[in-house]
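*Asks:* What follows is a single structure, and I will ask about it in a moment.
2 protein chains.
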Amino acid sequence: MDADGIHGQLDTLILATLQRGEAHGYAIIAALKESSGEQLDLPSGTVYPALRRLERAGFVAGKWTQASGRRRRVYAITEAGSAALAKGRADWLALREVMTAVLGT
Amino acid sequence: MDADGIHGQLDTLILATLQRGEAHGYAIIAALKESSGEQLDLPSGTVYPALRRLERAGFVAGKWTQASGRRRRVYAITEAGSAALAKGRADWLALREVMTAVLGT
DNA sequence: CTTGATATGTAGCTCGCCTACATATAGGCT
DNA sequence: AGCCTATATGTAGGCGAGCTACATATCAAG
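What follows is the structure, given as structure tokens:
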């Protein structure tokens, strides 16, 4: 699945990934690909701006690190981010209920 | 749930409702409220423009009718609309799989 | 004779996400 | 030495969905 199929769930997906442990952007993309069973393959142009939005919102905290010459910006989820994830998860479950009821699936 | 929780599934919800039979805008809003177990309450400013978009796209066909003095625009799903609904349903199921896998729910 | 339900629609706006591009280092292959 | 791929981060410009608020009209009930 490419990025236009996630329909507003991008932040929730990223926060859910970060709750398993801090990670940098490239690793988040790889983790989402892996945890989705190779179904999700998000472009960097989608994920990096999202991380900056989340950082501005106070949901993640970023810090620069160095790994074998390559600079990395490693993000960790904050308390506010955990709360946002909880809300995102609840919103998702509500949507799932409605879609299930209407589609009859 | 208000309209900002449906995240790109509006067209699919409307098409799914119309596949049970033709209906006018106001009835579609009521039907979605009913079939979702009173969870969905969409504002007219969301549904009516969506119906016009769907009509422009050829997914629904509208015709004016009269019922006890009130004019109604009754919409019926087209063949192209059925195909779009099938795709919308498939896209939704794919998203649901990914979300379930990543959220672990 | 006013209020609420029925019924449709527009104007203006915000924001999420996409596409395409730009940049840089490390490691392996030839 | 030179090239390609993987790793890694980011910007510019743009589109379109759906929201908020508003405007309009008829019918039924109190």
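Chains as they are written, first to last, in my numbering: chain A, 1 to 105; chain B, 1 to 105. All C-beta atoms in this analysis are idealised placements derived from N, C-alpha and C, irrespective of residue type, glycine included. Nothing here was measured: the structure is a model prediction, and the numbers come from that model.
1. What distance in whole Å lies between the Cβ atoms of Leu-15/B and Gly-88/B, which are believed to be in contact at a cut-off of 8 Å?
2. By alpha-carbon positions, which one of Ala-94/A, Trp-92/A, Glu-22/A and Arg-96/A ends up nearest to Leu-51/A?
3. Any beta carbon of chain A sitting closer than 9 Å to that of Gln-66/B?
4. Write down the C-beta distance between Thr-17/B and Ala-31/B rounded to the nearest angstrom, noting that I regard them as a contact closer than 8 Å.
5. Please confirm if His-7/B has its CB atom under 9 Å from at least one CB of chain A.
6. Could you tell me whether any Cβ in chain B is nearer than 9 Å to the Cβ of Arg-89/A?
7. Identify the contact partners of Gly-37/B in chain A, using a Cβ-Cβ distance below 9 Å as the criterion.
8. Given a cut-off of 9 Å on the beta-carbon distance, is the pair Met-1/A and Ala-94/B in contact?
9. Over the uninterrupted alpha helix (DSSP H) stretch that includes Gly-81/A, give me the two end residues.
10. Residues in the same chain with beta-carbon distance under 6 Å from Gly-62/A, minus the five sequence neighbours each way, listed in chain order, please.
11. So, does the CB of Leu-51/A fall closer than 9 Å to a CB anywhere in chain B?
12. In terms of DSSP beta bridges, what is His-24/A paired with?
13. For the alpha helix (DSSP H) holding Ala-16/B, just list the boundary residues, first then last.
14. Who are the neighbours of Ala-94/B on chain A, taking C-beta pairs under 8 Å?
15. Leu-13/A touches chain B at which residues, Cβ-Cβ below 7 Å?
16. Restricting to Cα atoms, I'd like to know which of Arg-53/A, Ala-101/A, Leu-10/A and Phe-59/A is closest to Leu-103/B.
17. So with Cβ pairs under 9 Å, would you call Leu-32/B a contact of chain A?
*Replies:* Quick answer:
1. Taking the second sequence and counting its residues from 1, one reaches residue 88/B at position 88. Taking the second sequence and counting its residues from 1, one reaches residue 15/B at position 15. Confirmed, Cβ separation roughly 7 Å.
2. Taking the first sequence and counting its residues from 1, the one referred to as residue 51/A is at position 51. Selected option, being the one with the closest Cα: Glu-22/A.
3. Within the second sequence, numbered from 1, the residue matching residue 66/B stands at position 66. Cβ-Cβ to chain A under 9 Å: no for Gln-66/B.
4. In the second sequence, the residue the question calls residue 17/B occupies position 17. In the second sequence, the residue the question calls residue 31/B occupies position 31. So it is a contact: roughly 5 Å between Cβ atoms.
5. Here residue 7/B corresponds to residue number 7 of the second sequence, with the count starting at 1. Chain A contact via Cβ: present.
6. Here the question's residue 89/A lines up with position 89 in the first sequence. So, interface residue.
7. Taking the first residue of the second sequence as position 1, residue 37/B is located at position 37. By Cβ distance, chain A contributes Glu-97, Val-98 and Ala-101.
8. For the purposes of this step, residue 1/A is taken as residue 1 along the first sequence, with counting starting at 1. For the purposes of this step, residue 94/B is taken as residue 94 along the second sequence, with counting starting at 1. A contact, by the Cβ cut-off of 9 Å.
9. Start at 1 with the first residue of the first sequence, and residue 81/A comes out as number 81. Residues 79-103.
10. Translated into the one-based positions of the first sequence, residue 62/A becomes position 62. Correct list, in chain order: Glu-55, Arg-73 and Tyr-75.
11. Counting from 1 along the first sequence, the entry for residue 51/A is found at position 51. Not an interface residue.
12. In the first sequence, counting from the first residue as 1, residue 24/A sits at position 24. DSSP, once it has assigned bridges, lists Val-74/A as partnering His-24/A.
13. Indexing the second sequence from 1 puts residue 16/B at position 16. 10-18 is the span of the alpha helix (DSSP H), which, as asked, contains Ala-16/B.
14. As a working note, residue 94/B is residue 94 in the second sequence. Those within 8 Å of Ala-94/B in chain A are Met-1, Gly-5 and Gln-39.
15. Along the first sequence, one-based indexing puts residue 13/A at 13. Ordered by position in chain B, the residues that pass the 7 Å Cβ test against Leu-13/A are Val-102.
16. The residue you call residue 103/B lines up with position 103 of the second sequence. Ranking the options by Cα distance to Leu-103/B, first place goes to Leu-10/A.
17. Numbered from its first residue, the second sequence carries residue 32/B at position 32. By this cut-off, Leu-32/B is an interface position.
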